[in-house]
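Numbering (the UniProt record's numbering), first residue to last: 1 to 273.
Ideal placement from N, C-alpha and C gives every residue a C-beta, glycine not left out.
Bear in mind the structure is a predicted one, so any value in this text is a computation, not a measurement.
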């Protein structure tokens, strides 16, 4: 079967759309749909792209179908791809399609998505708890989506349905290798909620949802999947029949919200596995 002998010209990143974290936009000159070098009925274009670090073996192909009856009315062709990873280098090319095959590709171009909002911190846990302070530890996000700058921590006092003012931990953690923090000046016999999130030049996602204790769900917010949960840590008398261990869901993610019930007691906080 014959394939087109013509290839698109002036294939480039669309300068009018800007650089974005999870999408890319392209533009190129349209071809004459009646050109004999198409060697068949013009069907449109095929856009191919792949991560620069992986090579063409993992390329993704996107057909761009265009009605040949209106193709000659177009001066430039524009196309977009979405759901790309942030802060990642790619290569792309485009070719002409007839009814059977795609022709030779255009010149290959390089582009890079911009930094995006960091993914959620992982494995947030309390390493030490007493009546006046808490030590929190966590792991960096699996998807920093750029150059990680540090972490933001905050906490608020909770009294039933009443939530106090959120207080940010100062000074802010500006070293991404620091993955623990000590929060002091907490008052005994009070309930607190803690917030933890990773930070980059692109900021952080502040969406949140209220969920039942020790449960989780997922939802979408501005294109991001968000996970939240609460957990309660209690101090108890070792002679009581209180629980001895608290288990977290294995996929415990996002800006985790911890609820800590502070109780007046001389008993040391239990250790959690």
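Inter-stretch contact (C-beta, 8 Å, three-pair minimum) for the region 147-156 and the region 176-193: yes
Delimiting residues of the beta strand (DSSP E) encompassing residue 152: The residue labelled residue 152 in the question sits at position 152 within the chain shown. It spans 148-159 - the beta strand (DSSP E) in which residue 152 sits, taken as one unbroken run.
Reference residue 43, options 174, 81, 27, 95, closest by Cα: Position 43 of the chain shown, counted from the start, is the residue given in the question as residue 43. Residue 95 is the option with its Cα nearest to residue 43.
Limits of the unbroken beta strand (DSSP E) element including residue 126: Working through the chain shown from its first residue, we reach residue 126 at position 126. 122-129 is the extent of the beta strand (DSSP E) around residue 126.
Bridge-paired residues (DSSP) for residue 110: Indexing the chain shown from 1 puts residue 110 at position 110. DSSP, once it has assigned bridges, lists 91 as partnering residue 110.
Cut-off 7 Å between Cβ atoms - residues of its own chain near residue 174, not counting five sequence neighbours on either side: Looking up residue 174 in the chain shown gives position 174. These residues qualify, in order along the chain: 149, 150.
Distance CB(residue 164)-CB(residue 157) smaller than 8 Å: Position 164 of the chain shown holds residue 164. Position 157 of the chain shown holds residue 157. Yes; because the gap between Cβ atoms is below 8 Å, this pair is in contact.
Member of 103, 189, 75, 14 whose CA lies at the smallest distance from the CA of residue 38: The sequence position of residue 38 within the chain shown is 38, counting from 1. If we check each option's Cα against that of residue 38, 103 comes out closest.
Contacts around residue 98, its chain only, beta-carbon distance under 8 Å, and the 5 residues preceding and following it disregarded: Along the chain shown, read from residue 1 onward, the residue named residue 98 stands at position 98. Taken in chain order, the residues that qualify are 2, 3, 4, 38, 39, 40, 41, 42, 43.
Contact set for residue 62: own chain, Cβ-Cβ below 6 Å, skip 5 residues either direction: Within the chain shown, numbered from 1, the residue matching residue 62 stands at position 62. Result list for residue 62: 47, in chain order.
Nearest-angstrom Cα separation, counted from residue 115 out to residue 13: Numbered from its first residue, the chain shown carries residue 13 at position 13. Numbered from its first residue, the chain shown carries residue 115 at position 115. Per the coordinates, the alpha-carbon of residue 13 lies some 17 Å from the alpha-carbon of residue 115.
Pairwise C-alpha distance: residue 177 and residue 171: Sequence index remark: in the chain shown, residue 171 carries index 171 (1-based). Sequence index remark: in the chain shown, residue 177 carries index 177 (1-based). Cα to Cα, the separation comes out at about 15 Å.
Residue from 138, 129, 135, 198 whose Cα sits closest to the Cα of residue 188: By one-based count along the chain shown, residue 188 stands at place 188. Selected option, being the one with the closest Cα: 129.
Residue 169 versus 136, 144, 140, 56, residue with shortest Cα-Cα distance: For this step, residue 169 is matched to residue 169 along the chain shown. Among 136, 144, 140, 56, the Cα nearest to that of residue 169 is on 136.
Residues near residue 142 by beta carbon distance below 8 Å, same chain, minus five either side: On the chain shown, position 142 is the one that residue 142 refers to. Hits under 8 Å: 119, 122.
Host beta strand (DSSP E) of residue 44 (start-end): The residue labelled residue 44 in the question sits at position 44 within the chain shown. That run of the beta strand (DSSP E) goes 44-51.
Short Cβ contact (8 Å threshold) for residue 132 with residue 86: Position 132 of the chain shown holds residue 132. Position 86 of the chain shown holds residue 86. Not a contact, by the Cβ cut-off of 8 Å.
Length of the line joining the Cα atoms of residue 24 and residue 50: Residue numbering aside, residue 24 sits at position 24 when the chain shown is read from its first letter. Residue numbering aside, residue 50 sits at position 50 when the chain shown is read from its first letter. If I take the Cα positions, the gap works out to 12 Å.
Straight-line Cα distance separating residue 36 from residue 16: For the purposes of this step, residue 16 is taken as the residue at position 16 of the chain shown. For the purposes of this step, residue 36 is taken as the residue at position 36 of the chain shown. The straight-line gap from Cα to Cα measures roughly 32 Å.
Close-in-space but distant-in-sequence residues of the same chain around residue 92 (CB under 6 Å, 5 per side omitted): As a working mapping, residue 92 is identified with position 92 in the chain shown. Hits under 6 Å: 49, 109.
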